[in-house]
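Every letter in the sequence shown is one number past the one before it in the numbering used here, and letter 9, counting from 1, is 9.
Ideal Cβ positions, reconstructed from N, Cα and C, are used throughout, including at glycine.
Okay, structure first, notes after.
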Amino acid sequence: MNSDEGSDRSRSRHRGGSADDADRRRYFTEVDPARSNTRHRRRRLEGDTTVPIWFTGEVPLVDDVVDEGTGRVLPQRVEPGRRYASREPEPAQDEGPGEPNIRRHVPSGRETVAQSRPVDVPAVEGPAVDDETTDEPLDDTAVDEAAALDRSRAGTHDDTVADELSEWQREFPRESGVDEASVGQPSVTHQAYSEVEDTDDPVYPFDDNDHRDDGSAARRRRRSIVLAVVVVCLLAMVGGIGYFGLRFLGVVGASDYSNANGTGDVLVTIPDNSTLRDFGQILTDKHVVGSVKAFTRAADGKTLAAGIYKLRTEIPAAKAVQMLDDSQMTYRVGRVVIPEGVQLDSKTGIDGKVTPGIFELIAEATSTTINGTPVGVTSDALSKAAAEATVDQLGIPQWAKTEVTALDGDHRRIEGLIAPGTWETVDPSASATDILRTLITDSARRYEQWGLLSANESGLSPYETLTAASVVEREVSHPDDFAKVARVILNRLKDGQRLEMDSTANYTAAITNIDVHGDAYKADNKWNTYRVKGLPPSPIASVGQKALEAIEHPAVGDWKYFITVDKEGTTLFAASFDEHKKNREKACANKFLTVGCS
């Protein structure tokens, strides 16, 4: 390094002018807050009158001078009579010590990295600044003349740079730190330093990344709004699902009523296999109880039966449990129990006792009142529907349609098509035809499950098998005798012999009597097998599973006769008529029979 260069580098930077020119002479560089900077510059200390560097479009840079003793960078002065021109960037490896790169922001948004070296220019008259007189301010006249010379050499370049600076300030007012009202006004800012500390990285006040798209902030706001809406919707959905889930589980909403008398009548149907929670949900939907939770708490694990119940609305859950758990079936509606061997019509026995028929059982089970209005079906309505409804309306199975159609107009054509058993949910509000249809279609499925169509060894058609089974059902009381009676029927049918069964004669009689005689014996009708050959035109009673299976799988034997000899139901079988007469005498001896006894 030559002495001139060392002298130039030791000179101080320009000292500031007058206070009136402070804004005009200001040169600034604002560091991008989003970018980390490792090069720090310190503001000049109070009392430092270093003259600022004029911004003329070219970046006047001065090499730093380092004190060899302390290693600190010394303040430099810029001689008013000297011009500092920019050089093109040089590779980092060619930089010598003491000649660091300095980056300054150019208003167009580009970065310029340059080194400067002093060049000889005509001196401006005025006092020079001596290296030793750092505290003496420059003469204002000399400073103004130096500034005028700089502007004359810059020419119109200052205007171009100012225009670029103004445009940049308008585009990036926030980054530039300039109020929008001042955009377009000439302003030069300086930043003086009492000391410069170099680190590994130079200062990057701004870079190309700062020139962001004007729509980026709006897009960020839109993304934030969309995200907020999505989060709110998700929270609402999760909250709704959680609430209804907790209600379904009975965790929340355990409200209950307090009036044990309730407010009105209501029919409630509980399907088979319902859990206590199912009970509670159905009762809540029908406004019987206040909540599922209240009901399940009151039920406390009790076993409750499915079916149709007549309850009161808006009653305490404990009261509802009490009504459902009634062993006397006080609140049950539509529960029909049909015994095996019972007929459609009610029958009066020789002892005067009336046996309710199927029609009467259905009428009694469905008869009730709802808020003072009668509901249910009558026995007469069921009899009329059985006689007049079509086979399709009644749900007659395909294997019985021919025989049923042959008896159109007679309600007894559906005899035997309703199976015995307990029917839990006969709807009181349904019509007579709909009730019969439900019972007949469900019974047909039962009969088919009992082997009527698949396991029949009788040699009879399904409808004939059902008819013969109904005779077995009415003739003897002990199921152990069913298969032998079935064999007697099949043997007589095979030989073409009349069945001559008392049960068939009693079917049409006003009073049933085990000791058939008189008008019942002589009655000329289709069901009296003392007068007609073969099976009656229809079953004569409801058929249970054991009687049906006895016909499907009859016992092996040559029996053609049988007779019950006592009140305990003891039955004796015979292959010949002579043997049969001996068995009949036993019945007379026991006073079980009186007709035909000697």
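Pairwise C-alpha distance: residue j and residue i
i: K522; j: H580; result: 22 angstroms
i: I514; j: G349; result: 9 angstroms
i: A469; j: R492; result: 15 angstroms
i: L436; j: P537; result: 20 angstroms
i: G352; j: A510; result: 11 angstroms
i: V426; j: Y309; result: 11 angstroms
i: A387; j: D410; result: 5 angstroms
i: V196; j: A218; result: Model confidence at V196 stands at a pLDDT of 41, short of 50, so the residue's coordinates are unreliable; what they give is reported in the following sentence. Roughly 40 angstroms between the two C-alpha positions.
i: A236; j: F279; result: 30 angstroms
i: G459; j: L361; result: 34 angstroms
i: T585; j: C597; result: It is worth fixing the name first, because residue 585 is Glu in this sequence and not Thr. C-alpha separation (whole angstroms): 7 angstroms.
i: L453; j: Q398; result: 11 angstroms
i: T269; j: K302; result: 18 angstroms
i: G421; j: G357; result: 14 angstroms
i: Q393; j: R332; result: 28 angstroms
i: H287; j: S258; result: 13 angstroms
i: R87; j: S216; result: Legend: pLDDT at R87 = 45, less than 50; position of this residue unreliable, no value from coordinates given.
i: Q281; j: T441; result: 30 angstroms
i: L490; j: N590; result: 29 angstroms
Contacting residues, own chain, Cβ-Cβ under 6 angstroms from residue i (five flanking each side not counted)
i: A299; result: L276 and V321
i: A486; result: V472, A550, I551 and P554
i: Y507; result: W527 and I540
i: A483; result: A550, P554 and A555
i: G341; result: E473, R474 and A541
i: A317; result: D256, V289, A294, F295 and A298
i: K347; result: T355 and T512
i: L439; result: I418
i: T378; result: A363
i: E415; result: L344, S538 and P539
i: G451; result: E552
i: C588; result: C597
i: N525; result: T508
i: V337; result: T422
i: D481; result: T571
Close-in-space but distant-in-sequence residues of the same chain around residue i (CB under 8 angstroms, 5 per side omitted)
i: V488; result: W559, K560, Y561, F562 and F573
CB-CB length for residue i against residue j, believed under 8 angstroms
i: S542; j: A419; result: 6 angstroms
i: G307; j: E424; result: 5 angstroms
i: G496; j: K533; result: 7 angstroms
i: N371; j: D285; result: With a Cβ gap of about 19 angstroms, N371 and D285 do not count as contacting.
i: T368; j: P271; result: Not a contact, Cβ separation roughly 20 angstroms.
i: V476; j: T571; result: 5 angstroms
i: G389; j: T433; result: First, the amino acid is wrong: residue 389 is Ala here, not Gly. So it is a contact: roughly 5 angstroms between Cβ atoms.
i: N456; j: T465; result: 6 angstroms
i: T366; j: G334; result: 6 angstroms
i: L304; j: D325; result: 6 angstroms
i: D478; j: G569; result: A small fix is needed here, since residue 478 is His in this sequence, not Asp. Indeed they touch by this definition, with Cβ atoms about 5 angstroms apart.
i: A260; j: I225; result: No, A260 and I225 are not in contact; Cβ-Cβ is about 55 angstroms, not under 8 angstroms.
i: M323; j: L311; result: 6 angstroms
i: L382; j: Y447; result: At roughly 21 angstroms, the Cβ-Cβ gap does not stay under 8 angstroms, so L382 and Y447 are not in contact.
i: V404; j: V391; result: 6 angstroms
Neighbourhood of residue i by C-beta distance below 7 angstroms, restricted to the same chain and skipping five residues each side
i: S274; result: A306
i: A505; result: V516, A520, Y521, A523, N528 and Y530
i: A400; result: L417 and Y463
i: R412; result: L344 and S538
i: K567; result: F592
i: L535; result: E464, T467 and A468
Within-7 angstroms CB hit, residue i to chain C
i: V238; result: Among the chains in the structure shown there is no chain C, since it carries only a single protein chain.
Handout entry: Continuous beta strand (DSSP E) assignments of at least 3 residues falling wholly in the region 287-343
Key = 307-312 and 336-338
Exercise for the section: Kindly provide the ranges of any beta strand (DSSP E) runs that are 3 or more residues long and lie completely inside the region 388-472, ordered along the chain. Expected result: Counting only runs of 3 or more, we get 421-423.
Practice task
Write down every uninterrupted run of the alpha helix (DSSP H) in the region 509-577 whose length is 4 residues or greater and which is fully enclosed by it, in chain order.
Solution key: 518-522 and 545-552
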